[in-house]
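S.K.:
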Amino acid sequence: MHKYNLAIVENDEDERMFMRQAFEQSGLFNIVGEFNAGDTLLEWLVNAPRQQPDVILSDLNMPGKNGYDILMTVKGDPGLARIPVFVTSTSNLATFREKCLHLGATDYLVKPELFIDYEVYASDLYQRLNTLPQ
1 MHKYNLAIVE
11 NDEDERMFMR
21 QAFEQSGLFN
31 IVGEFNAGDT
41 LLEWLVNAPR
51 QQPDVILSDL
61 NMPGKNGYDI
71 LMTVKGDPGL
81 ARIPVFVTST
91 SNLATFREKC
101 LHLGATDYLV
111 KPELFIDYEV
121 YASDLYQRLN
131 TLPQ
């Protein structure tokens, strides 16, 4: 079983904690970076961490650089553009999803309503990653 190196960007501390717990407990991901804002993720990526993520999971709405900014920066950088970026939000509005996909998101995921549902969310992300061309 392949484990993906995951970078999580989520400004809500509680939400980030529940995400981290679910992804760690799934045994399907190694969390290589955890960030509370897009600015800190992008700074980390630019400073070339030893271990680049295989996938970025980013909240859409954050202060500072948001999910749209992350998409434009990552997909506009030839050294980073290969990294799949999944954008996540509590909103299921089609316009948000369409804009994210237009900017290069691999997919748009709606956050679970209950924190305990993050286990299913982690499994779903893993399945989506396994269907991408390698």
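Residues in the sequence shown are numbered consecutively from 1, following the UniProt record's numbering.
Just so it is clear, CB atoms sit at the ideal spot from N, CA and C, and this is done for glycine as well.
Which two residues bound the contiguous alpha helix (DSSP H) that contains Glu119?
M.R.: Where Glu119 is concerned, the enclosing alpha helix (DSSP H) stretches over Tyr118 to Asn130.
S.K.: Report back the beta-carbon spacing between Ser89 and Lys65 to the nearest angstrom; my notes put them in contact at under 8 Å.
M.R.: Not quite, the Cβ-Cβ distance comes to about 15 Å (not below 8 Å), so this is no contact.
S.K.: Just to confirm my understanding: we take Leu45, look at its own chain, exclude 5 residues before and 5 after, and list those with CB closer than 7 Å. What are they?
M.R.: Answer for Leu45: Leu80, listed in chain order.
S.K.: Using the three-state DSSP reduction, which class does Ala7 fall into: helix, strand or coil?
M.R.: Here Ala7 sits in strand by DSSP.
S.K.: Can you round the beta-carbon distance between Glu13 and Met19 to whole angstroms, since I take them to be within the 8 Å contact cut?
M.R.: No, Glu13 and Met19 are not in contact; Cβ-Cβ is about 11 Å, not under 8 Å.
S.K.: To the nearest angstrom, how far is it from the Cα of Ile56 to the Cα of Arg50?
M.R.: In a straight line, the C-alpha of Ile56 is about 16 Å away from that of Arg50.
S.K.: With a cut-off of 8 Å on the beta carbons, I'd call Phe23 and Ala122 a contact; round off their distance for me.
M.R.: Indeed, because the Cβ distance is near 5 Å, the residues count as touching under 8 Å.
S.K.: DSSP on Glu113, reduced to helix/strand/coil?
M.R.: Coil at Glu113, not helix or strand.
S.K.: Would you kindly work out how many angstroms separate the C-alpha atoms of Leu125 and Tyr108, rounded to a whole number?
M.R.: Going from the Cα of Leu125 to the Cα of Tyr108 covers about 10 Å.
S.K.: Short of 6 Å in beta carbon distance, which residues of its chain neighbour Asp54, apart from the five on each side in sequence? Order them along the chain.
M.R.: If we look at Asp54 and ignore the five residues flanking it on each side, its Cβ neighbours are Tyr4 and Asn5.
S.K.: Using 10 angstroms around the beta-carbon of residue 136, count the other beta-carbons present and answer buried if the total reaches 16, otherwise exposed.
M.R.: As shown, the chain starts at 1 and ends at 134. That puts residue 136 outside it, with no answer to give.
S.K.: Let me check understanding here. Comparing Cα to Cα, which of Glu119, Leu129, Tyr118 and Ile116 lies closest to Ala105?
M.R.: When each option's Cα is compared against that of Ala105, the closest is Leu129.
S.K.: Check the DSSP bridge columns for Thr88 and list the partner residues they point to.
M.R.: In DSSP, Thr88 forms a bridge with Asp59 and Leu109.
S.K.: Buried or exposed, going by whether 16 or more other CB atoms sit within 10 Å of the CB of Leu132?
M.R.: Flag for Leu132 reads exposed.
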